[in-house]
Amino acid sequence: MNIINSFISLFFPNICLVCRKKLTKNDIICKKCINDFARLETNKCLLCRENPAENGICQSCRTEFQFDGIVSVFKFNEVIQNLIHNLKYNEFKKIGIFLGEFLADKLSNYDFISKIDYIIPVPLHKVKKRERGFNQSDIIAKALSDKLNIKLGNHIVKRAKYTKTQTRLTKKEREINVRNAFKIKSHKDVKNKNFLIVDDVITTGSTMKSIALLLKEYYANQVYVASIARA
Ligand SMILES: [Zn+2]
Ligand SMILES: [Zn+2]
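Per the working numbering, residue 962 is the first one in the sequence shown, and the count goes up by one each step.
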């Protein structure tokens, strides 16, 4: 863990953030370390991890969460956790762009991607955004928008409530915590449209569920979700 942190603070642009090997081009992690990242299987539901899935989600989770599909690239192991932590708190935006490319590659294999009207990054409350300087989901969503040529819809949903950090909450507590946390800012961009909501990590899915329910309440057509990792 400390290796990654110390290297980022020292800023060695041509050294792999994981193994410290010298890199030949302008990458941040070497090919070997990328191959060691654990990929998620896609034939099982990414939420309940039990039932067979179509577009990453089973029928029963589809009903509960109102997601029409879910795409995530990596298992949440220590390396991914560190990278995302550094993206979030050390403003190492390059990590977001780098990881976003993997997600864009995976998404481009799905048929639904051609129907998406807007990519929506999970919004941070403006107070939190001010504290942190930026929203990590914005960075990932922007990378997807550029690579997949889909409009960025970061004006559509806003976080209306300053929610407690969710790290130590149970699934039920998280749902209560994020209930009514979001508001639609641009109604005209929701009706009959298809969305892809983007976050860095999916944990219980409750944050994205609350956005999906809200979009569907305002007559969104389909709502897909995507993340770099599934915790
Ligand atoms: Zn490496
Ligand atoms: Zn399921």
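Every residue, glycine too, gets a C-beta built ideally from N, C-alpha and C.
Distance CB(residue i)-CB(residue j) smaller than 9 Å
i: isoleucine 1145; j: valine 1151; result: yes
i: serine 1188; j: serine 1069; result: no
i: aspartate 1161; j: isoleucine 1101; result: yes
i: leucine 1044; j: arginine 1191; result: no
i: aspartate 988; j: phenylalanine 1063; result: no
i: asparagine 1141; j: serine 1098; result: no
For residue i, the first and last residue of its enclosing alpha helix (DSSP H)
i: valine 1139; result: 1132–1139
i: valine 1088; result: 1087–1093
Nearest candidate by alpha-carbon position, reference residue i, set the options
i: lysine 1125; options: Lys1089, Cys980 and Asp1078; result: Lys1089
i: isoleucine 1111; options: Arg1129, Leu1001, Phe1073 and Val979; result: Phe1073
i: valine 1083; options: Cys980, Ala999, Gly1166 and Val979; result: Gly1166
i: asparagine 1047; options: Leu1130, Phe1095 and Glu1002; result: Phe1095
i: glycine 1057; options: Arg1091, Leu1105, Ser1075 and Asn1038; result: Leu1105
i: arginine 1091; options: Tyr1123, Ile1117 and Ala1065; result: Tyr1123
Beta-carbon proximity list for residue i, same chain, < 7 Å, skipping 5 on both sides
i: valine 1184; result: Gln1027, Phe1028, Asp1029, Phe1156, Ile1158, Ala1173, Leu1176 and Lys1177
i: cysteine 977; result: Leu984, Ile990, Cys991 and Cys994
i: tyrosine 1179; result: Ile1145, His1148, Val1151 and Lys1152
i: cysteine 1019; result: Cys1006, Cys1009, Asn1012 and Pro1013
i: alanine 1121; result: Ala1142, Phe1143 and Lys1144
Same chain only: Cβ atoms within 8 Å of residue i, ignoring 5 sequence neighbours per side
i: serine 970; result: Low confidence applies here, because serine 970 scores a pLDDT of 47, under 50, leaving its location unreliable; read the following figure in that light. Asn1051.
i: serine 1021; result: Cys1009 and Asn1012
Enclosing beta strand (DSSP E) for residue i [first to last residue]
i: glutamine 1183; result: 1183–1191
i: isoleucine 1081; result: 1079–1082
Cβ neighbours of residue i in the same chain (closer than 6 Å, five flanking residues each side left out)
i: cysteine 980; result: Cys994
i: valine 1186; result: Phe1028, Ile1031, Ile1158 and Met1169
i: asparagine 1115; result: Pro1082
Segments of 3+ residues assigned as beta strand (DSSP E) that fall wholly inside the region 1101–1180: The region 1101–1180 contains these whole beta strand (DSSP E) runs: 1118–1120, 1143–1145 and 1155–1163.
Which ranges would you report for the alpha helix (DSSP H) in the region 994–1073 if only whole runs of at least 4 residues count? Fully enclosed alpha helix (DSSP H) runs of no fewer than 4 residues occupy 1020–1026, 1039–1050 and 1054–1068 of the region 994–1073, in order along the chain.
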